[in-house]
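Asks: Line order of the protein sequences matches chains V and G.
Residue numbers for the first sequence follow full-length UniProt numbering, so the first one is 1 and each next one is one higher.
Residue numbers for the second sequence follow full-length UniProt numbering, so the first one is 1 and each next one is one higher.
Even glycine gets a Cβ: it sits at the ideal position worked out from N, Cα and C.
2 protein chains.
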Amino acid sequence: MTEQKIPKATAKRLPIYYRYLNILKDADKTRVSSTELSDAVKVDSATIRRDFSYFGALGKRGYGYDVESLLKFFKKILNQDKLTNAALIGVGNLGNALLNFNFHQNSNVRISAAFDVRPDLANTVQSGVPIYPMAELRKQLEDQQIKIVILTVPSSVAQDVTDEAIAGGVRGILNFTSLRLSVPKDVRVQNVDLTNELQTLIYFLDHYNDED
Amino acid sequence: MTEQKIPKATAKRLPIYYRYLNILKDADKTRVSSTELSDAVKVDSATIRRDFSYFGALGKRGYGYDVESLLKFFKKILNQDKLTNAALIGVGNLGNALLNFNFHQNSNVRISAAFDVRPDLANTVQSGVPIYPMAELRKQLEDQQIKIVILTVPSSVAQDVTDEAIAGGVRGILNFTSLRLSVPKDVRVQNVDLTNELQTLIYFLDHYNDED
DNA sequence: TTTTTATTGAAAATTATTTCACAAAATAGC
DNA sequence: GCTATTTTGTGAAATAATTTTCAATAAAAA
């Protein structure tokens, strides 16, 4: 939208590159080649060069890429130069773990509010995050201008909660439920389906010995 | 490997279909069309028909697919007719949540052993799963013939632990660390990178308004 | 300075995946 | 039994993603 559209496959790899560039910077490396990056992130070096080239000529022939400036560039692209607030809905088993999971450590995202149906949780603070009752979902999302939610509720209520969140202005959903959500086309859902991942792994193991 | 190779993209969708077929069966539905499935799982109906067709003609024209027999078929394909044991390595924040996460509810996978460095955890039982000290990793994996591990250790030790697990006979790794693991080509890694997912979501939000 | 080596950027080729569109087959209604 | 309707399965086309290849350029070595 902002620039010309980058392939989706490329977009999904940007955070991987970004993370490794941070590691390189912390190790005071000033330059890196596509081959070296390739080893670290397990993406073919030609694919890396192709990915980078969508953003212009970022490297220098015979030299490689300058870590610092590449990092600065990706930081901007990935919106990591500003803090993004997210809300977590459903402070159960997994939700609690995600409250403690330090998203803020390597991404400029912070969970600034959480919601749960359980009355004993409402109006407490868990892992430094205030928990609101479900009834306040829409209002708080609106008031706090939160555009991203992490959804860790039971599948049975996932669609209802989603509808409410979208009514509250949410634009992106990290969906840990097994339900495939119905959303307007300007709302984006990123599914993280743990059972699926495990089953896919088993399928590949059984059916693709060796090689991808 | 066992049959002719199915496209990877198709393979990744099989668990999604499988789950929804279970839901249909529980609701005593006997038939389903590709269009109806499409609505539920948010995959284009032509893609669904194409996916199914890799396994032969599973449907009937003018009728659709028989839920029961389709389910039976996918259960076999996905190895869900046998129980698969997995080990969890790293009983921290996220690891603990995954111990409680009921993989067994909708997939025939069970976490039958867990491992952690902390001495106070070793030789206890958490959420019904015995915790072993890290030193026993290789031996236990061998003894219990565990081929799949869920990796929830700090990134800093991820590669070492991986090497040890592979030495113990592991063939598949569900990797929750941010490290891209180096493994022999007959070992499969499925990455679940939460920070990445969140950053990708933000990127899509900022750069792809509307439409995929 | 000149030569060698390293490395990008991009065009072209290849491979993978999705979608269109419709004939063929089966069902459902009359 | 006939006709209208539904729905699959699949060639062909379109789109997306990866990989190969190599000229161009920068840095390092001679």
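#1: With DSSP as the reference, label Thr-84/G as helix, strand or coil.
#2: At a CB-CB cut-off below 7 angstroms, which residues of chain V make contact with Gln-190/G?
#3: Starting from Pro-15/V, follow the alpha helix (DSSP H) in both directions and report where the run begins and ends.
#4: Suppose contacts are defined by Cβ-Cβ distances below 8 angstroms. Is Met-134/G in contact with Asp-120/G by that definition?
#5: Quick check: the Cα distance between Leu-21/V and Ser-69/G, rounded to an integer number of angstroms?
#6: Any beta carbon of chain V sitting closer than 8 angstroms to that of residue 216/G?
#7: Tell me where the beta strand (DSSP E) around Asn-123/G begins and ends.
#8: Can you give me the Cβ contacts of Thr-30/V inside the same chain, cut-off strictly under 8 angstroms, excluding the 5 residues immediately before and after it?
#9: Is the CB of Asn-106/V under 8 angstroms away from at least one CB in chain G?
#10: Alpha helix (DSSP H) containing Tyr-203/G: first to last residue?
#11: Comparing the C-beta of Ile-89/V with each C-beta of chain G, is any distance below 8 angstroms?
#12: Counting only runs of 3+ residues fully inside the UniProt domain "CoA-binding" (79-180) of chain G, write out the beta strand (DSSP E) ranges in chain order.
#13: How about Thr-84/V: is its C-beta nearer than 8 angstroms to some C-beta of chain G?
#14: Give the single residue among Gly-62/V, Asn-123/V, Gln-80/V and Leu-141/V whose Cα lies nearest to the Cα of residue 213/V.
#15: Could you check where the alpha helix (DSSP H) with Asp-51/G kicks off and where it finishes?
#16: From Ile-173/V, Asp-193/V and Leu-83/V, pick the residue whose C-alpha is nearest to that of Asp-186/V; which is it?
#17: How is Val-67/G classed by DSSP in three states: helix, strand or coil?
#18: Taking all protein chains shown into account, decide if Asp-160/G is buried (16 or more other Cβ within 10 angstroms of its Cβ) or exposed.
#19: Taking a contact to mean a Cβ-Cβ separation below 8 angstroms, would you say Leu-137/G touches Gly-90/G in this structure?
#20: If you drop the 5 nearest sequence neighbours on each side, which residues of the same chain put their C-beta closer than 7 angstroms to that of Tyr-63/G?
#21: To be precise: take each residue of the segment 24-55 of chain G, compare its Cβ to all Cβ atoms of chain V, and keep it if any distance is under 8 angstroms. Which residues remain?
#22: Answer yes or no: do Leu-78/V and Tyr-203/G have a C-beta to C-beta separation smaller than 8 angstroms?
#23: Contact between the segment 44-58 of chain G and the segment 92-103 of chain G is defined here as three or more beta-carbon pairs at a separation below 8 angstroms; is this criterion met?
#24: Please name the residue in Tyr-17/G, Phe-55/G, Asn-175/G and Val-149/G whose C-alpha comes closest to that of Lys-42/G.
#25: According to DSSP, is Val-189/G helix, strand or coil?
#26: Give the secondary structure of Val-32/G by DSSP, where H, G and I count as helix, E and B as strand, and everything else as coil.
#27: Between Ser-107/V and Gln-80/V, how many whole angstroms is the CB-CB distance? I'm expecting something under 8 angstroms.
#28: Which residues in the same chain have their Cβ closer than 8 angstroms to the Cβ of Val-183/V, if we skip the five residues on either side of it in sequence?
#29: What residues from chain V crowd round Phe-101/G, counting only those whose CB sits closer than 7 angstroms?
#30: Buried or exposed: Gln-199/G, going by 16 or more other Cβ atoms within 10 Å of its Cβ?
#31: Note down, in chain order, every chain G residue with its Cβ under 8 angstroms from the Cβ of Ser-178/V.
#32: Nearest by alpha-carbon distance to Phe-103/V: which of Ser-127/V, Asn-123/V and His-207/V is it?
#33: Cβ closer than 8 angstroms: which chain G residues qualify as neighbours of Ala-158/V?
#34: Bridge partners for Lys-76/V per DSSP, in chain order?
#35: From Asn-209/V to Ser-38/G, what distance separates their C-alpha atoms?
#36: Determine whether the beta carbon atoms of Leu-194/V and Thr-177/V lie at a separation below 8 angstroms.
Replies: So, from the data block:
#1: strand
#2: Glu-197, Thr-200 and Leu-201
#3: 8-26
#4: no
#5: 50 angstroms
#6: The shown model of chain G, from 1 to 212, leaves out residue 216/G, and the question about it has no answer.
#7: From DSSP, Asn-123/G is part of no beta strand (DSSP E); its letter is neither H nor E.
#8: Asp-66, Val-67 and Glu-68
#9: yes
#10: 194-207
#11: no
#12: 84-89, 109-116, 129-133, 148-151 and 172-175
#13: yes
#14: Missing from the structure shown is residue 213/V; chain V here goes from 1 to 212 and no further.
#15: 45-53
#16: Ile-173/V
#17: helix
#18: exposed
#19: no
#20: Arg-31
#21: Ala-40, Val-41 and Lys-42
#22: yes
#23: no
#24: Tyr-17/G
#25: strand
#26: strand
#27: 6 angstroms
#28: Thr-162, Ile-166, Ile-173 and Val-189
#29: Asn-93, Leu-94 and Leu-194
#30: buried
#31: Arg-19 and Asn-106
#32: Ser-127/V
#33: Within 8 angstroms Cβ-Cβ: nothing; Ala-158/V doesn't reach chain G, min ~13 angstroms.
#34: Per DSSP, none; premise fails for Lys-76/V.
#35: 30 angstroms
#36: no
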